[in-house]
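Visitor: Count the sequence shown with our numbering and you get residues 59 to 325, in order.
Glycine included, every Cβ here is placed at the ideal spot set by N, Cα and C.
The structure follows.
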Amino acid sequence: MSSQPVIIRGGGDLATGIAHRLFQSGFPVVILEIPQPTVIRRTVAFAQSVYDGQTTIEGVTAVLVSTPGEALEKMTEGFIPVLIDPFGQHIPQLHPLALVDAIIAKRNLGTYRGQAPIVIGVGPGFAAGKDVDAVIETSRGHDLGRVIYQGEALPDTGIPGDIGGFTVERIIRAPGTGVFQGLVEIGSSVEKDQIIGEVHGSPVLAPITGIVRGIIAQGAHVKQGMKIGDVDPRGKKEYCYTISDKARAIGGGVLEAILHLRQSKKL
């Protein structure tokens, strides 16, 4: 397997599924994050190491590092280093085999072909054959995880995937702008309309009955209408601490794309 790392822009739950699958398949991985990630599913996101220093998910540990040199060192020690680099300035110093944009911003924030021998975009906002070598479909359904070598992923509908018969109903949104103060933790059971936190004095209510699968970090500054959490109606607490089926499928697509492109490009 290549000693060159795969760089993943973003450390959220979908990016973590990608990182985990690549790491378990023998690829060294480096994650690039922003200084204050607004991750919702924090218990299954390597981005949480920005706050905690390190985080372990399904037996794989990510650690926060401060320089590209430290990232390469931790990589050889069997960790996934997480480096604060929102603009990808350190990418050339890391000499990657592949660059995966998994920010999931629904648009391209600056990733382009040539930044690495292999460049992959995850979700809508990228055009395979133009700004990236391949795009991974992220929409739930028949094509989830499919590798696209010409064209784009399906456009963002703004409607979350159906879980237990609920889509938009399961999303927790900020009732106002200000600092979030939570009253429950990820994994907590909640009832519909239960107060689970507040933003600048306005209560945050559980939208449905279920398990809090994700909620933004305590003290985070949020804007009105911003997604700050979600409730899983299936009621299985263990789902809060394991990589989702969607993230695993997308991770499989990224792995396939890297192997295919490495062979076709003779890297």
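With a Cβ-Cβ cutoff of 9 Å, do I161 and A305 count as a contact?
Guide: The answer is no: Cβ separation not under 9 Å.
Visitor: Check whether the stretch 228 to 242 and the stretch 293 to 311 are in contact - that is, three or more C-beta pairs closer than 8 Å.
Guide: Cβ pair count under 8 Å is below three, so no.
Visitor: Would a C-beta distance cut-off of 9 Å place V88 and I138 closer than the cut-off?
Guide: Yes. Within cutoff.
Visitor: Report yes or no: do the stretch 137 to 155 and the stretch 114 to 126 share at least 3 C-beta pairs separated by less than 8 Å?
Guide: Contact holds: three or more Cβ-Cβ distances are below 8 Å.
Visitor: Classify Q112 as helix, strand or coil using the three-state DSSP reduction.
Guide: Q112: strand per DSSP, three-state reduction.
Visitor: What whole-angstrom Cβ distance do G272 and R99 have, given they're in contact under 8 Å?
Guide: Yes, they are in contact, since the Cβ atoms of G272 and R99 sit about 4 Å apart, within 8 Å.
Visitor: Between the beta-carbon of S247 and the beta-carbon of G222, is there less than 9 Å?
Guide: Contact: no.
Visitor: Using the Cα positions of V177 and G117, report the straight-line distance between them to the nearest angstrom.
Guide: Straight-line Cα distance between these residues: approximately 27 Å.
Visitor: Should V11 and P261 be called a contact, given that it needs their Cβ atoms to be closer than 9 Å?
Guide: Residue numbering for the chain in the displayed model covers 59 to 325; residue 11 lies beyond these limits and cannot be assessed.
Visitor: Roughly how many angstroms lie between the CA atoms of L130 and S107, to the nearest whole one?
Guide: If I take the Cα positions, the gap works out to 17 Å.
Visitor: Just how far apart, CA to CA, sit D159 and Y207?
Guide: Roughly 15 Å between the two C-alpha positions.
Visitor: Quick one: does the C-beta of L263 sit closer than 8 Å to a heavy atom of the ligand MN?
Guide: Absence of the ligand MN from the depicted structure is noted, as is the absence of any ligand whatsoever, leaving it without description.
Visitor: Does R165 pass the burial test, meaning 16 or more other C-beta atoms within 10 Å, or should it be called exposed?
Guide: Classification for R165: exposed.
Visitor: Indicate the three-state DSSP secondary structure (helix, strand or coil) for T119 in the structure shown.
Guide: Three-state DSSP puts T119 in a strand.
Visitor: Using a 10 Å radius around the Cβ and a threshold of 16 neighbouring Cβ atoms, would you call Q173 buried or exposed?
Guide: By the neighbour-count rule (16 or more Cβ atoms within 10 Å), Q173 is buried.
Visitor: Since I149 and I65 are thought to touch, with beta carbons under 8 Å apart, how far apart are those beta carbons, to the nearest angstrom?
Guide: With 8 Å as the limit, I149 and I65 qualify as a contact, their Cβ atoms being about 6 Å apart.
Visitor: Looking only at its own chain, which residues have a Cβ that is under 6 Å from the Cβ of T101, when we skip the five neighbours before and after it?
Guide: Taken in chain order, the residues that qualify are I244, C298 and Y299.
Visitor: Over what stretch of residues does the beta strand (DSSP E) that includes A192 continue unbroken?
Guide: Taken as a continuous stretch (DSSP letters only), the beta strand (DSSP E) holding A192 covers A192 to I194.
Visitor: Who are the near neighbours of Q276 in its chain, counting only those whose CB is closer than 8 Å to its CB and skipping five residues on each side?
Guide: These residues qualify, in order along the chain: F238, Q239 and G240.
Visitor: Helix, strand or coil for R271, going by three-state DSSP, please let me know.
Guide: Residue state, collapsed to three classes: strand.
Visitor: Which residue or residues does DSSP assign as beta-bridge partners of R67?
Guide: Beta-bridge pairing links R67 to L90 and D159.
Visitor: Can you have a look at I217 and say buried or exposed, based on whether 16 or more other CB atoms are within 10 angstroms of its CB?
Guide: Under this definition I217 is an exposed residue.
Visitor: Just to confirm the assignment, what range does the alpha helix (DSSP H) spanning G259 have?
Guide: Note, G259: premise wrong, no alpha helix (DSSP H); not H, not E.
Visitor: A315 to P154, Cα distance in whole Å?
Guide: A315 and P154: Cα-Cα distance of roughly 15 Å.
Visitor: Provide the residue span of the alpha helix (DSSP H) that contains G309, from first to last.
Guide: Unbroken alpha helix (DSSP H) run through G309: D303 to S322.
Visitor: How close, in whole Å, do the beta carbons of R79 and G309 come, if the pair is a contact with beta carbons under 8 Å?
Guide: Between G309 and R79 the Cβ distance is about 3 Å, and since that is below 8 Å, they are a contact.
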